[in-house]
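Visitor: Before I ask anything, here is the structure I am working with.
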Amino acid sequence: MEVIMAGQPFLGRRGFLLGGAAVGAGAVLAGCTSNTPANSASNAPVADAGSNAQPGKPITIGFSAPAADHGWIAAITKNAKAQAQKFSEVKFTATEGTNDVNQQISQVETLINAKVDVLVILPFDGKALTAVGRQAMDAGIPVINLDRIFDTPLAYRTWIGGDNYRMGVNAGNYLAAELKKKNVANPIIGEVAGIDSLPLTQERSKGFADALGRVGFKVGPRVSAQFTSESGEQQTANLLQGAPKLDALWNHDDDQGIGVNAAIDTAGRKEFIMVGGAGSKNMMNLIKADSAPIKATVLYSPSMASTAVALARLLGQGKGIGDLAEHDVPAEITTYSAVVTKENVDQYLDVGFDS
Amino acid sequence: MTETQAPPQEALPTERKRFAFAADPRLLGLAGVLVVLCLVGQFTRPELFFTESNISTILRLAAAIGVVSVGMTFVIISGGIDLSVGSMVGLAGVWLTTLATQSYGPWVMVLCGLAVGLGCGLVNGVLVAYGKVVPFIATLAMYVSARGLAERISGRRTQVVADQDFLAFFRGGFLGIPTLIWLFALVFAVGWVVLNRTTFGRRTYAVGGNIEASRLAGINVKRHLALVYGVAGLCCGIAALMVVARTTAGASTNGMFYELDAIAAVVIGGTLLTGGRGSLIGTLVGVLIFTVLSNIFTLNNLDTDIQNIAKGVIIVLAVLLQFRAGKARTGS
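Chains as they are written, first to last, in the numbering used here: chain A, 819 to 1173; chain B, 29 to 360.
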């Protein structure tokens, strides 16, 4: 709703800022119906530009992402916009998010035709969008490929994304360490995965199993949900029936975690510790309160969108990243899946997203 | 598991064959499938399957899709189809969990959910009955637009319920049985009485059996069809309350794929897709078969993909069984 159409320049950007930021448009709707906090754009994580903070030459950054039908993707779009607004010389042209691959291709083509200086693309499907990424690169527009990777490096100048395997590893390491601390010998460790057919889910599960395997633990009951709160509740309700006693549980995704927590609450179970995934504000608050089984969440932070826009600006202006010896922006950046616990949650609350 | 027992005898003497489910080989076969599944559950996890908490979990998980399937049974018996049930559950759910609705307390939330469901259902009904739009298309339009509206209203966020009274009531229980199971039983009982013991029910069968004959018999066919879709919508409103209670949140993704699950349950329950014949008991058994199946799979820690294959096999078997029983009945 707060996105402008492709090719249409962001004319009244300053007025847009004053008018209660990006979600202001949403707030018109929110006024009567929505739960979206009216000021949520103002607290989106924003990268510090360091020594690159001085305004450079004016550039236009084009942005295309899938429909914000999930808290994480919504945060991606919001963060990208908030980051762009931080730079006075950057013009930000975002297309309406879509889950239709053909539509996203034509949106990116529109941005290419509008001759934006840099493109930031989170493809709905990396393979399907590879050709149009290539087309942009061939047209001399550097592409920042966000998260879902294109098939060939020819289609992007720089890739930035999360580390699904390490998400699993860090969740597994955390649980293993906690269980060792408690001297549990043969722990029963459950897993609520996301959509099983997606490579990202498979990588998360593999990392989790590998990390547990290092200390001789293994994954016990495992279910696969759909990244929605409803499927999380359904799958977890059955999982808890199948495991009358659990020592630990990892839930891949904090959006579905709302349902997972509801199922745990319904079953009245408290005997195990739980780790979440992705890092929603909701879960971070629960971790802070320390009253539910959830004790930690492993990040897959949508702050990567803020970084992507910051990098796009540097690429457009021909600068390198401050503090690195490189003259140029690197070709690949993988974000780190930090473990957020009660002890460090305050440091990470700013990247927590509304699920 | 009282649902697997032979149905009560007093239902037998009713005049039409379709009410005589005790004698219907299709329903007996279906009940047999459910019994076999329960035995498999008991055999593979004897210490867990027939426990109070597992049975209660199965019934709670069956509740929302069960209520939706009750409405779907009405629609399919009347000769139509409703593809929009899942979207209506999603829309009613996010509408009842918006900040504005929540700030007026639990009653407004409940009424809002029911009103949105009923309203969408009536829109479907009016389009089908008065606008002469094919049910498949009319409800396909609702399927898309209701989901879209749900996304817009919620801002595509999961809206957590803050109202503790709402949660306490719907997540609580009465006489040791969860509220959701009571609601499910209530909707099912009311649906059964309406379908089998009232003029409205008889007209639903009649309209689905032969629409022209029904009109000649003096039934206001258009109004009746509109109301049938209204019933389906209202059921979706009730299901939305259940899903919100279960997950403690309204999300535009609530009710995903309910249309497929509900149609599958109704069809394997012996209701003809062409209308005119069907039974709610069959639908109930159909819903329970799927819920028990997924429970058994999770209890035994089996992959969901195998579960989907099993689902498909059960659907085909049930329909084949139906076909044979139908042939035997007509003597062809």
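From the three backbone atoms N, C-alpha and C, an ideal C-beta is built for every residue, glycine too.
1) Run through the DSSP bridge pairs and tell me what Asn963 of chain A is partnered with.
2) Need the endpoints of the alpha helix (DSSP H) that Pro134 of chain B sits in, please.
3) What's the gap between the Cα of Asn367 of chain B and the Cα of Asn917 of chain A?
4) Determine the extent of the beta strand (DSSP E) in which Met1092 of chain A is found, giving its start and end residues.
5) Distance check for Glu996 of chain A and Lys1036 of chain A, CA to CA, integer angstroms please.
6) Pick from B:Ser84, B:Pro163, B:Trp123: whose alpha carbon is nearest that of Asp110 of chain B?
7) Pick helix, strand or coil for Glu996 of chain A, following the three-state DSSP scheme.
8) Hey, how far is the Cα of Phe1171 of chain A from the Cα of Asn248 of chain B?
9) Which same chain residues, not among the five before or five after Ala1011 of chain A, have their C-beta less than 6 angstroms away from its C-beta?
10) Looking only at DSSP bridge pairs, what is Asn897 of chain A linked to?
11) Would Thr227 of chain B pass as an interface residue toward chain A - the criterion being a Cβ-Cβ separation below 8 angstroms?
12) Does the beta-carbon distance from Val938 of chain A to Ile962 of chain A come in below 8 angstroms?
13) So, does the CB of Leu327 of chain B fall closer than 8 angstroms to a CB anywhere in chain A?
14) If you draw a straight line from the C-alpha of Gly114 of chain B to the C-alpha of Thr1125 of chain A, how long is it?
15) Cβ of Val294 of chain B within 8 angstroms of Cβ of Met100 of chain B?
16) Which residues mark the beginning and the end of the beta strand (DSSP E) in which Pro1039 of chain A is found?
17) Tell me, please, whether the CB atom of Leu211 of chain B is closer than 8 angstroms to any CB atom in chain A?
18) Tell me, please, whether the CB atom of Leu348 of chain B is closer than 8 angstroms to any CB atom in chain A?
19) Pro1039 of chain A versus chain B: which residues are under 9 angstroms apart at the beta carbon?
20) With which residues is Glu1150 of chain A paired in a DSSP beta bridge?
21) May I ask whether a heavy atom of the ligand NAD can be found less than 7 angstroms away from the beta carbon of Ser1109 of chain A?
22) When you compare the CB of Ser1023 of chain A with every CB in chain B, is at least one pair closer than 8 angstroms?
23) Please list the partners that Ala886 of chain A has in chain B, where partner means a Cβ-to-Cβ separation under 7 angstroms.
24) Quick one: which chain C residues come within Cβ less than 7 angstroms of Ala277 of chain B?
25) Can you check the segment 1031-1089 of chain A for any alpha helix (DSSP H) of at least 4 residues that lies completely inside it and give the ranges in chain order?
26) Leaving out the 5 sequence neighbours to the left and right, which residues in its chain are closer than 6 angstroms to Ile104 of chain B when beta-carbon positions are compared?
27) On the three-state DSSP scale, how would you describe Val122 of chain B?
28) Is the number of C-beta pairs between the segment 256-267 of chain B and the segment 152-162 of chain B that are closer than 8 angstroms three or more?
29) Taking DSSP as the reference, what is the three-state secondary structure of Glu1144 of chain A?
30) State whether the segment 1156-1167 of chain A contacts the segment 1097-1109 of chain A, with contact taken as three or more CB pairs (one from each stretch) at a distance under 8 angstroms.
31) For Ile1076 of chain A versus Ala277 of chain B, is the C-beta distance shorter than 8 angstroms?
32) Helix, strand or coil: which one does DSSP assign to Glu179 of chain B?
33) For Glu179 of chain B, go through chain A and note every residue whose CB falls closer than 9 angstroms to its CB, in chain order.
34) So, is the C-beta of Ile342 of chain B closer than 8 angstroms to a C-beta in chain A?
35) Please report the distance separating the alpha-carbon of Phe881 of chain A from that of Arg305 of chain B.
36) Going straight from the alpha carbon of Lys896 of chain A to that of Ala862 of chain A, what length do you get?
Guide: The structure says:
1) A:Ile939, A:Trp977
2) 134-157
3) With chain B covering only 29 through 360, there is no way to say anything about residue 367 of chain B.
4) 1091-1096
5) 15 angstroms
6) B:Pro163
7) helix
8) 53 angstroms
9) Thr1019, Ser1023, Ser1042, His1070
10) DSSP, once it has assigned bridges, lists no residue as partnering Asn897 of chain A.
11) no
12) yes
13) yes
14) 38 angstroms
15) yes
16) 1037-1042
17) no
18) no
19) Thr326, Leu327, Asn329
20) A:Trp977
21) For the structure depicted, the ligand NAD is absent and the ligand set is empty, with no information on it obtainable.
22) no
23) Arg184
24) This model lacks chain C altogether, as its protein chains are A and B.
25) 1047-1060, 1072-1085
26) Val294, Thr299
27) helix
28) yes
29) coil
30) yes
31) yes
32) helix
33) Ala885, Ala886, Asp887
34) no
35) 54 angstroms
36) 7 angstroms
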